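Residues in the sequence shown are numbered from 447 upward in steps of one, following the numbering used here. Each residue gets a CB set at the ideal place from its N, CA and C atoms; glycine is no exception. These numbers were taken from a predicted model, which means no experiment stands behind them.
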Amino acid sequence: MDRNEQKGISTYHSFQIYEAEIPNLKFEIDGVTTTVDMGAQMSYHTGQDSQMHDLVISGNNRAVTLKDNIWRSVQLPQQIAITRATQLEFTLDYAKAYEELYIGFDDDLNRDNAKTNWQLTGSKDGSSTHFHKPFGGRTSSNIQPPETTRDYKIPIGNWIIGNYTYLNLIGEQDANEGAGGEATFANFSIYEVGWARL
Ligand SMILES: [Ca+2]
Ligand SMILES: [Ca+2]
Numbered sequence: 447m448d449r450n451e452q453k454g455i456s457t458y459h460s461f462q463i464y465e466a467e468i469p470n471l472k473f474e475i476d477g478v479t480t481t482v483d484m485g486a487q488m489s490y491h492t493g494q495d496s497q498m499h500d501l502v503i504s505g506n507n508r509a510v511t512l513k514d515n516i517w518r519s520v521q522l523p524q525q526i527a528i529t530r531a532t533q534l535e536f537t538l539d540y541a542k543a544y545e546e547l548y549i550g551f552d553d554d555l556n557r558d559n560a561k562t563n564w565q566l567t568g569s570k571d572g573s574s575t576h577f578h579k580p581f582g583g584r585t586s587s588n589i590q591p592p593e594t595t596r597d598y599k600i601p602i603g604n605w606i607i608g609n610y611t612y613l614n615l616i617g618e619q620d621a622n623e624g625a626g627g628e629a630t631f632a633n634f635s636i637y638e639v640g641w642a643r644l
């Protein structure tokens, strides 16, 4: 094998290895631990995702960090059926304030055809046309640094019902060309209330 061939092959392989090296995210569905492929991150609302960073996995594959302006979707390992009784649970570690921080689901990656995302906190109020705001947008009772960690249990079935395939994680930051804002979500669990958690 000559040097040029070797170079070509190693370039191809480094791309493959990069794809494989993004660890999976553990996501509990009705008490069963499933794994989300984080190598296939997609922009949620391509005009907003600045693609400065990818979502980063840590914490024994149970935590995912957003940094700077980032609008991402990942495909869940199975379609989830959200009913009136469905609750979403996670821990938020909020290191640096975002303008707006959201979590949500979608069935078609189109933010504009249904309201399926929730604003958790932020220094600004998100659009009421596009986002549910059960915590009141930027209200002072929301988590803000220096408080860093808070546990969430959101009865998402109060707002949406149906089958969803994608999980959305959104850190909206326009100031400073999108720099600033850092949040880590951990220990995701989605389940029906009344289903006994041991
Ligand atoms: Ca949609
Ligand atoms: Ca924006």
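message: In whole angstroms, give me the CA-to-CA distance for residue 509 and residue 539.
response: The alpha-carbon of residue 509 is positioned some 10 Å away from that of residue 539.
message: Tell me whether residue 562, by its Cβ, gets closer than 7 Å to a heavy atom of ligand 1.
response: Checking the Cβ of residue 562 against ligand 1 gives yes.
- request: Please list, in chain order, all residues of the same chain as residue 534 whose beta carbon is under 6 Å from its beta carbon, the five residues on each side excluded.
  value: Annotation for residue 534: 600, 602 and 636 place their beta carbon closer than 6 Å to its own, counting only its chain and skipping 5 residues before and after.
query: Exposed or buried, residue 530, counting other C-beta atoms within 10 Å across all chains shown (16 or more means buried)?
result: By the Cβ-count criterion, residue 530 is exposed, with fewer than 16 other Cβ atoms from all chains shown falling within 10 Å of its own Cβ.
query: Could you check where the beta strand (DSSP E) with residue 561 kicks off and where it finishes?
result: Counting along the chain, residue 561 falls outside any beta strand (DSSP E), and DSSP gives it neither H nor E.
message: Between residue 627 and residue 617, how many whole angstroms is the CB-CB distance? I'm expecting something under 8 Å.
response: That belief holds up - the Cβ atoms of residue 627 and residue 617 are roughly 5 Å apart, short of 8 Å.
- request: Please list, in chain order, all residues of the same chain as residue 588 whose beta carbon is under 6 Å from its beta carbon, the five residues on each side excluded.
  value: The beta carbon of residue 588 sits closer than 6 Å to the beta carbons of 567 and 581 from its chain, once the five residues preceding and following it are set aside; these are given in chain order.
query: Of the choices 615, 611, 621 and 625, whose alpha-carbon is the least far from that of residue 475?
result: Measuring C-alpha to C-alpha distances from residue 475 to each of 615, 611, 621 and 625 identifies 611 as the nearest.
query: Does the Cβ of residue 646 have 16 or more other Cβ atoms within 10 Å, making it buried, or fewer, making it exposed?
result: Residue coverage of the chain in this structure runs from 447 to 644, which leaves residue 646 outside it and unanswerable.
field: DSSP-derived helix/strand/coil call for residue 452
entry: The predicted position of residue 452 is uncertain, since its pLDDT is 49 and thus under 50; a value taken from the coordinates is nonetheless stated next. Here residue 452 sits in helix by DSSP.
- prompt: Who does residue 535 pair with in a DSSP beta bridge?
  reply: 599 and 635.
- prompt: Taking all protein chains shown into account, do 16 or more other C-beta atoms lie within 10 angstroms of the C-beta of residue 552, making it buried, or fewer, making it exposed?
  reply: So residue 552 ends up on the buried side.
message: For residue 630 and residue 478, I'd like the C-alpha separation in whole angstroms.
response: Spanning the two alpha carbons is a distance of roughly 22 Å.
query: What's the gap between the Cα of residue 634 and the Cα of residue 598?
result: In this model, residue 634 and residue 598 are separated by some 10 Å (Cα to Cα).
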